[in-house]
Amino acid sequence: MESFFSRYKNPLILVAVLFVQVIALATQIKQPDNPNSPNSVRTSLLRKWAATAFAPLEKGLAGTENVFRRTWRNYVDLHDVRKENRDLKDKVDQLKIEQAQLKEQAEQTRRLQALLGFKQKFVGETIAAQIVSGGGSEQSRVVYIDRGSSDGMKANMPVITPDGIVGKIKEVYPWTSQVLLLTDRESGAGVVLEKARLQGVLHGLGQGETQVNDIMSDEKVQAGEQIVTSGGDGIYPKGLPVGTVTSAASDRDSEPFLRIKVKLAANLDQLEEVLVITKMAEQTPQVVEDPNAARAADVLSRRLPTVTRSVDKNAVAPPDAKKPITAPRKKVNAPIPAGGEKPPQ
1086 MESFFSRYKN
1096 PLILVAVLFV
1106 QVIALATQIK
1116 QPDNPNSPNS
1126 VRTSLLRKWA
1136 ATAFAPLEKG
1146 LAGTENVFRR
1156 TWRNYVDLHD
1166 VRKENRDLKD
1176 KVDQLKIEQA
1186 QLKEQAEQTR
1196 RLQALLGFKQ
1206 KFVGETIAAQ
1216 IVSGGGSEQS
1226 RVVYIDRGSS
1236 DGMKANMPVI
1246 TPDGIVGKIK
1256 EVYPWTSQVL
1266 LLTDRESGAG
1276 VVLEKARLQG
1286 VLHGLGQGET
1296 QVNDIMSDEK
1306 VQAGEQIVTS
1316 GGDGIYPKGL
1326 PVGTVTSAAS
1336 DRDSEPFLRI
1346 KVKLAANLDQ
1356 LEEVLVITKM
1366 AEQTPQVVED
1376 PNAARAADVL
1386 SRRLPTVTRS
1396 VDKNAVAPPD
1406 AKKPITAPRK
1416 KVNAPIPAGG
1426 EKPPQ
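Structural data, given as structure tokens:
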């Protein structure tokens, strides 16, 4: 072994020096994620190499772990299947009753939206992805998924779960993508309180906390109120669940606004699979009119009593009734006969 190193000492030193120089250059060189955008985020070449190299390994480890976890979970969950089935049947019956009550309101809402030409964005297409690794610190919360530019991923695509929204894609690599979670300080989402209909902006505070800003302190916000996306930020479609209000108090740092703490609907600490919204569908509600349905105005006209006016031809006009005014006749002078006598008047 010593003879090997002594024989190839100079070439080994040269290779080591070149390797160190390449690593140093890759650290200093930064390339934009989107060459067509002048304001695109620039990422170091070394970071891209590392993400591309370790993504398949992380994906394989995550897949193996998920297989064992799912097998154990399915075995344990078999004990509670009957009880869960009974609970689900009760919930289905309750939802059917609520659906019957809300059907008429939904039809009325669609008619009004169609009348106003209201357009709303819906989830068009999604693609499933797995969390392969986490990153960042308590102040910067990011995760990596096993989908990249080869799968059609783009920056600012919303990432959700069936429970609620998670975040958005920040950086895209060939085989993986970086997702900025809602708890990060740089994140944000337009939200609305479901009952109070107050709109605000959800921001991350780091350390796994979030809060809603831009709501006046004179508004009444109660703990436990549901929060959904407003659709005004141009990223998340309207109506997706966000979380619930845990507390609301005046913010001394930014008066006169409230400091509303929010518990997210999606558990960001136990993410395994997520959905990436790759396409948004814009739709105008269409209402199919029933030809047999009568208009409300026609129904009211049939129900309201009608007043008929009869005219009596033999009725005598009152004494103060105005008589028709006739133009006076003009006197016409008759021609005088030849005898000189005037005709009788």
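By the numbering used here, the letter at position 148 of the sequence shown is numbered 1233, and the numbering carries on one by one without gaps.
Ideal Cβ positions, reconstructed from N, Cα and C, are used throughout, including at glycine.
Computed from a predicted model, the values in this text were never measured in an experiment.
By the neighbour-count definition (other C-beta atoms within 10 Å, threshold 16), Tyr1093 is an exposed residue.
In this structure, Gly1252 keeps its C-beta atom at 8 Å or more from the C-beta atom of Ser1234.
Using a C-beta cut-off of 8 Å, the segment 1288-1303 makes contact with the segment 1334-1342, since at least three inter-stretch Cβ pairs fall below that distance. Rounded to whole angstroms, Thr1363 and Leu1103 show a C-alpha spacing of 42 Å. As far as DSSP is concerned, Phe1153 takes part in no beta bridge. Taking 8 Å as the upper bound for CB-CB distance, Val1228 and Ala1140 are not in contact here, some 13 Å apart. Ser1335 and Gly1316 have their C-alpha atoms some 26 Å from each other. Following the DSSP letters along the chain, one finds Ile1320 in no beta strand (DSSP E), marked with neither H nor E.
The criterion of a C-beta distance shorter than 8 Å is satisfied by Ala1213 and Leu1360. The residue among Met1242, Glu1192 and Arg1232 with its C-alpha nearest the C-alpha of Gly1209 is Met1242. In its chain, beyond the 5 residues on either side, Val1217 and Asp1231 have a beta carbon closer than 6 Å to the beta carbon of Lys1144. The beta-carbon distance between Gly1309 and Thr1329, rounded to whole angstroms, is 6 Å. This is short enough to meet the 8 Å contact definition. Per DSSP, the continuous beta strand (DSSP E) segment holding Thr1331 begins and ends at Pro1326 to Ser1335.
Under the DSSP definition of a beta bridge, Pro1243 partners with Lys1253. Taking 8 Å as the cut-off, the Cβ atoms of Leu1267 and Leu1142 do not count as close. If you draw a straight line from the Cα of Ile1320 to the Cα of Gln1311, it comes to about 20 Å.
When the beta-carbon positions are compared, Thr1314 and Ile1254 stay at least 8 Å from each other.
Counting of Cβ neighbours within 10 angstroms places Gly1285 among the buried residues, the total reaching 16 or more. Sixteen is the threshold: when 16 or more other Cβ atoms of the shown chains lie within 10 Å of the Cβ of Val1297, as they do, the residue is buried.
DSSP places Gln1179 in the helix class (H, G or I) of the three-state scheme. Annotated as proximal: Glu1358 and Gln1215, with beta-carbon spacing under 8 Å.
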